[in-house]
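In the numbering used here, the protein residues as written are 66 to 383.
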Ligand SMILES: [Zn+2]
């Protein structure tokens with residue numbers, strides 16, 4: 066893949082060196098640790114075009130994001146062009162249009178480059194979230210977590226963001242049912258997991274947009290109440306919420322995450338609309354955090370954490 070810096074330089078090297086996606090928009094002027102977009106050059110009809118990728122909001126991709134094997138050929142093609150429109154800001158400086166998406170989708174080399182860069186942007190975005198497990202003994206001490214630490218310590222990988230066919234994003238894993246992870250009897254488990262969303266590191270602060278919160282286990286009655294309130298059976302949804310229905314996997318995942326998040330910035334549980342307006346990578350991060358802390362099996366001899374406040378041990382899972 067060819068990721069391009071604004072000036073000279075090998076973007077791939079900077080990628081592995083600092084974990085960013087290469088193209089830094091005025092990086093010196095802000096405290097952003099990840100660039101909000103990436104620029105690539107792709108061959109279309111025998112000439113190079115400059116494609117600037119962007120990080121869409123969850124509500125932009127939720128209407129059409131579904132397991133591609135569950136879609137007809139027509140719906141798959143439609144999902145791809147809508148995804149390209151959501152994931153690309155500009156092509157050769159022009160705002161993205163569906164006609165441009167069709168042109169890119171018909172150029173295999175260009176499409177492969179774009180999809181590779183797009184998927185990397187999602188993976189890196191999701192990995193930018195931060196989390197801390199709260200000690201169940203003293204309720205004060207915290208231990209820092211990362212999605213990667215679940216792999217190295219417990220052998221558990223985060224859920225896939227992309228389908229087996231990498232052209233397509235998958236809905237968050239909470240759109241499906243999962244079995245609770247095994248816990249050796251008597252294991253002390255975390256009280257709650259505090260998190261800071263990836264967008265807090267990607268975007269400058271936006272008033273009213275969530276940045277931090279507390280994750281716990283899904284409150285089934287809240288989940289049912291949210292579904293009933295926001296996706297009542299037999300009721301038409303307004304145009305900007307056509308995907309707010311129980312048959313949409315991204316909606317189901319959003320409701321589950323809302324019912325698992327006990328507090329956000331202002332101390333109250335999150336509003337569904339506020340979660341929908343987050344960057345898609347924020348929702349994928351929360352989904353991965355929930356997935357790993359609830360569904361990963363804890364081996365009998367898995368290493369525990371030691372609370373820095375009280376010195377007692379616990380596991381950073383529920
Ligand atoms: Zn403690």
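Even for Gly, the Cβ is constructed at its ideal location relative to N, Cα and C. It should be emphasised that the depicted structure is a prediction, and the values quoted were computed from it without experimental measurement.
Looking at the DSSP output, residue 153 sits in a beta bridge with 118.
Under the DSSP assignment, residue 328 falls in the beta strand (DSSP E) whose first and last residues are 326–329. For residue 300, there is no enclosing alpha helix (DSSP H), as DSSP marks it with neither H nor E. Relative to the non-hydrogen atoms of ligand 1, the Cβ of residue 202 comes within a distance shorter than 8 Å of at least one.
Ligand 1 approaches residue 376 closely enough that one of its heavy atoms is under 8 Å from the residue's Cβ. With respect to residue 128, residue 232 sits apart: the two C-beta atoms are not nearer than 9 Å.
Placement of the Cβ of residue 259 at a distance of 8 Å or more from every heavy atom of ligand 1 is found.
Counting only residues of its own chain and dropping the five nearest sequence neighbours on each side, residue 372 has a CB closer than 6 Å to the CB of 200 and 206. At the C-beta level, residue 382 and residue 358 come within 9 Å of one another. Annotated three-state conformation of residue 233 is coil, per DSSP.
Under the 8 Å Cβ criterion, the region 339–359 counts as touching the region 255–268, having at least three qualifying pairs. In the three-state scheme derived from DSSP, where H, G and I count as helix and E and B as strand, residue 126 is classed as helix. Inclusion of residue 177 and residue 146 in the CB contact set at 9 Å is not warranted, their separation being larger than that value. Cβ atoms of residue 225 and residue 210 stay farther apart than 8 Å, at about 20 Å. The three-state secondary structure of residue 342, taken from DSSP, is coil.
Contact between the region 262–271 and the region 293–309 is absent: fewer than three C-beta pairs spanning the two stretches fall below 8 Å. Secondary structure note for residue 293: it is in no beta strand (DSSP E), and the uninterrupted alpha helix (DSSP H) holding it is 285–295. Per DSSP, the continuous alpha helix (DSSP H) segment holding residue 267 begins and ends at 264–267. When only Cα atoms are considered, residue 350 and residue 263 end up about 7 Å apart.
In this structure, residue 205 has its beta carbon less than 8 Å from a heavy atom of ligand 1. For residue 131, no alpha helix (DSSP H) run applies, since DSSP gives it neither H nor E. Distance from the CA of residue 363 to the CA of residue 113, rounded to the nearest whole angstrom, comes to 50 Å.
Within 8 Å of the C-beta of residue 372 there is at least one heavy atom belonging to ligand 1. If the five residues before and after residue 249 are omitted, its C-beta is found closer than 7 Å to the C-beta atoms of 363 and 365, all from its own chain and listed in chain order. Looking at 274, 215 and 204, the one whose alpha-carbon comes closest to that of residue 253 is 204. Relative to the Cα of residue 229, the nearest Cα in the group 184, 192, 220 and 251 belongs to 184. One thing to note: residue 116 has its Cβ within 9 Å of the Cβ of residue 175.
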